[in-house]
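> The structure's right below; bear with me while I get my questions together.
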Amino acid sequence: MQPDHPGMLKIIEKYREKNLETPVVVEGKNDVQSLREIEFSGEIIIFNSGLSIVRFSEDLRRRHDRVIILTDFDVNGKRLREDIEKFFVSSGGTADTYLWEYLKRHAGVSTVEELPFAVNRAMAHISMPGKS
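The numbering of the sequence shown is this note's numbering, which starts it at 360 and goes up by one.
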């Protein structure tokens, strides 16, 4: 599937703005760095694998009513996203997974660390119409 360059950039921009008020949950430090590279400037929370997913989600819920979950797009990342979402929502929170779902289908990447490359590719594609 070809990446949806204009759509992806619009979604990324929308979520940069959302991140100013809503934290993004990621898997590791490199994911934080990658989101900073594409100008996410709000709070980014690293999943603490020292805690169980249940405990992490409950602690997260005590601090936040809403989160954006952005784990990797592989099988393990999908499972982690689903588990955090399930336990966070069961604690009364709202988990936003639309960005994850959109990027999984349209960005042509398998990890959060690859997002800066995908964004740069999309920007280059838009500045050079006719290229695919």
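For every residue, glycine included, the Cβ atom is placed at its ideal position computed from N, Cα and C.
(1) Does DSSP classify Val-478 as helix, strand or coil?
(2) Counting only runs that start and end within the region 409 to 471, where is the alpha helix (DSSP H) found for 4 or more residues in a row?
(3) Mind checking which residues open and close the beta strand (DSSP E) that includes Ile-403?
(4) Find the nearest neighbour of Ile-405 within the set Asp-431, Asp-424 and Glu-398, judged by alpha-carbon distance.
(5) Lys-369 by DSSP, collapsed to three states: which one?
(6) Counting Cβ pairs, one atom from each stretch, are 3 or more of them under 8 angstroms apart for the region 416 to 429 and the region 450 to 460?
(7) Can you check DSSP and say which residues form a bridge with Val-383?
(8) Pull up the CB-CB distance for Glu-460 and Ser-393, whole angstroms please, since I reckon it's below 8 angstroms.
(9) Which of helix, strand or coil does DSSP assign to Glu-398?
So, from the data block:
(1) Of the three classes helix, strand and coil, the one that applies to Val-478 here is helix, per DSSP.
(2) 412 to 422, 434 to 449 and 457 to 465, all fully within the region 409 to 471.
(3) Per DSSP, Ile-403 belongs to the beta strand (DSSP E) from 403 to 405.
(4) The option with the nearest alpha carbon to Ile-405 is Asp-431.
(5) Looking at Lys-369 - three-state DSSP - the assignment turns out to be helix.
(6) Three or more pairs of CB atoms, one per stretch, sit closer than 8 angstroms, so the region 416 to 429 contacts the region 450 to 460.
(7) Residue pairing by DSSP places Val-383 opposite Ile-403 and Ile-427 in a beta bridge.
(8) Taking C-beta atoms under 8 angstroms as the contact rule, Glu-460 and Ser-393 fail to qualify, at a distance of about 18 angstroms.
(9) Here Glu-398 sits in coil by DSSP.
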